[in-house]
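Right, one structure below, let's go through it.
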Amino acid sequence: MQQIHTENAPKAIGPYSQAIKVGGLVFASGQLPIDMTTGQFPEGIKEQTRASLTNAAAILKEAGSDLSRVVKTTVFLSDMDNFAAMNEVYAEFFQQPYPARSAVAVKTLPKNALVEIECVATTE
């Protein structure tokens, strides 16, 4: 088991790792939509989805993987009314065969984010 850390994605803000690599799999923690240039959340669900997936991509790269090797994602939304807009941006980041995905609405997300996205990817 190997802990993954990169300065190109938000630091863990609690007792967890950005990702853990074990065997040929990378388990990336949920990524909040922190813009790494400003340290803030961008405005709107589309921009926040883009930031979350950009952060996930940086972590996967550090682990020797990338978004094309993602096999499963979980998308947490603060409001299911944002699903269509999130899905539009999500489709810009993934190609067929698309990863398996769950998308759920939650009561609140850390720091009142609109979206958080976690993923599992292969390194093969």
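Using the working numbering, the first residue of the sequence shown is number 1250, and each one after it goes up by one. Glycine included, C-beta positions come from ideal geometry on N, C-alpha and C. Just so it is clear, the structure is predicted and the values come from calculations on it, not from any experiment.
Can you give the Cα-Cα distance for residue i and residue j, rounded to whole angstroms?
{"i": "residue 1312", "j": "residue 1298", "result": "21 Å"}
{"i": "residue 1346", "j": "residue 1304", "result": "22 Å"}
{"i": "residue 1268", "j": "residue 1310", "result": "11 Å"}
{"i": "residue 1264", "j": "residue 1357", "result": "20 Å"}
{"i": "residue 1332", "j": "residue 1352", "result": "8 Å"}
{"i": "residue 1276", "j": "residue 1301", "result": "15 Å"}
Answer yes or no: the CB of residue i versus the heavy atoms of the ligand NAD, is any distance below 7 Å?
{"i": "residue 1319", "result": "In the structure on display, the ligand NAD does not appear, and there are no ligands present to speak of."}
Over what stretch of residues does the alpha helix (DSSP H) that includes residue i continue unbroken?
{"i": "residue 1332", "result": "1332-1342"}
{"i": "residue 1292", "result": "Premise fails: residue 1292 is in no alpha helix (DSSP H) and is neither H nor E."}
Please report the residue range of the beta strand (DSSP E) in which residue i lies.
{"i": "residue 1356", "result": "Run containing residue 1356: none; DSSP gives neither H nor E here."}
{"i": "residue 1268", "result": "1268-1271"}
{"i": "residue 1378", "result": "The shown model of the chain, from 1250 to 1373, leaves out residue 1378, and the question about it has no answer."}
{"i": "residue 1274", "result": "1274-1280"}
{"i": "residue 1321", "result": "1319-1326"}
According to DSSP, simplified to helix, strand and coil, what is residue i?
{"i": "residue 1367", "result": "strand"}
{"i": "residue 1297", "result": "helix"}
{"i": "residue 1312", "result": "coil"}
{"i": "residue 1303", "result": "helix"}
Return yes when the Cβ of residue j is within less than 8 Å of the Cβ of residue i, no when it is not.
{"i": "residue 1280", "j": "residue 1366", "result": "yes"}
{"i": "residue 1349", "j": "residue 1295", "result": "no"}
{"i": "residue 1369", "j": "residue 1320", "result": "yes"}
Compare the C-alpha of residue i against each of the options and name the closest.
{"i": "residue 1293", "options": "1352, 1327, 1322", "result": "1327"}
{"i": "residue 1316", "options": "1338, 1324, 1342, 1331", "result": "1342"}
{"i": "residue 1325", "options": "1308, 1354, 1314", "result": "1354"}
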